[in-house]
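> Counting from 1, position 72 in the sequence shown corresponds to residue 71 in numbering that gives the first Met the number 0; the numbering is continuous, with no gaps.
Below you will find the structure I want to go over with you.
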Amino acid sequence: MRDTEICRQLLELKEPWVVDRIKVDAQRRELHAYLRTGKSWFGRPAFVQPKSCWRHANVGPLKTYIHASLPEQGAESPETVPFLGPAGDDYTHGLAQKVIECLNAGLGYRQVCRLLDIDVYLAWQIRHAISEGVHGTDHGFEGALAESASPGAARQVIPPTGDPVWFNLLASDTPMDIRLLSLKLLLARSRQEFSGLTSHDAKILRVNTLRRFFIKHEKQLGHEIAQLATFRESAEGIDS
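Structure below.
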């Protein structure tokens, strides 16, 4: 049986979705599944670059990432497909449902992160969506999510990968007041490399490197995180 077929069964994909290809990074313990729909041409699938990437529930010990494009209007609602995610967010509906189930079972905030092998920011992103009613309401677990979280955690939110704030930050030379030397060096190097990138995937990788640094050093970067809102406003001003 082909690896793509095994992956299709593990992800419980239903027609018309198929696994186009997979990539396993053993060192990072990551599985990247590239999904597609539609008919093939002359027996060979037409390659289409996926527009979104979402973190899904682990497949075995592997952190699983789904690369796909949301279906067009009139197709099946993405909310009913567990391996897809909200546009602009970093997680699938299936992963969000796992979080909901864990919280309903009485697990605390940090226990959920450890059990599902997700980072703190991703858990907070799902929490925010739940509080906004994206995944239903009246679940009765808001207190569990807030447990052991610092008082300012909800306010100091690190933007998701797809937020234009990251692209604006890396594509411009707008000064940022940085108090942590290692971030200052990383941002300078990232901006220099970002200007020479032409591939969208390569740019996303550079964004993820910077974002992971913010997540890892979140407690030390309150001053810098607060400034990201300014960069977001600048990006929106450019787009408008």
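Heads up, the beta-carbon is just placed ideally off N, CA and C, and yes, glycines get one too.
Treat the numbers as computed from the prediction; the structure is a model and nothing was measured.
1) Taking E163 as the reference, which of P174, A225, I203 has the closest Cα?
2) Within 10 angstroms of its Cβ, does A74 collect 16 or more other Cβ (buried), or is it exposed?
3) How long is the line joining the alpha carbons of G84 and Q219, rounded to whole angstroms?
4) W16 to E217, Cα distance in whole Å?
5) L184: buried (16+ other C-beta within 10 angstroms of its C-beta) or exposed?
6) With a 10 Å radius around its C-beta and 16 neighbouring C-beta atoms as the bar for buried, classify D88 as buried or exposed.
7) What distance in whole Å lies between the Cβ atoms of P81 and A67, which are believed to be in contact at a cut-off of 8 Å?
8) H216 by DSSP, collapsed to three states: which one?
9) Cα separation between I117 and G161?
10) Taking the continuous alpha helix (DSSP H) assigned at V58, which residues delimit it?
11) Find out if the Cβ-Cβ distance for the pair V206, W165 is shorter than 7 Å.
12) Residue range of the beta strand (DSSP E) that E4 falls in?
13) For A122, which three-state DSSP category applies?
14) Near G93, what residues of its chain come up, given a Cβ to Cβ distance below 8 Å and the 5 sequence neighbours on each side ignored?
15) DSSP three-state call for T173: helix, strand or coil?
16) Alpha carbon to alpha carbon, how far is R211 from F193?
17) To the nearest angstrom, report how far apart F213 and C52 are at their CA atoms.
18) By DSSP, does L65 sit in helix, in strand, or in coil?
19) For A32, write down the residues that DSSP places opposite it in a beta bridge.
Reading it off the structure:
1) Reading off the sequence shown, one finds Pro at residue 163, where the question assumed Glu. Of the listed residues, the one whose Cα sits closest to P163 is I203.
2) Unreliable placement is indicated for A74, whose pLDDT of 47 sits below 50; no coordinate value is reported for it.
3) 30 Å
4) W16 and E217 have their C-alpha atoms spaced approximately 38 Å apart.
5) exposed
6) buried
7) So it is not a contact: roughly 12 Å between Cβ atoms.
8) coil
9) 18 Å
10) Per DSSP, V58 belongs to no alpha helix (DSSP H); it is in the beta strand (DSSP E), 51 to 58.
11) In contact: V206 and W165 (Cβ atoms closer than 7 Å).
12) No beta strand (DSSP E) contains E4, which is instead part of the alpha helix (DSSP H) from 2 to 10.
13) In this structure, DSSP gives A122 a helical state, which the three-state scheme calls helix.
14) H55, A56, P81, F82
15) coil
16) Taking the straight line from one Cα to the other gives about 16 Å.
17) 20 Å
18) The question names Leu, but residue 65 is Ile in the sequence shown. The answer is strand: DSSP assigns I65 an E or B state.
19) In the DSSP output, where bridge partners are listed per residue, A32 has I21, I65.
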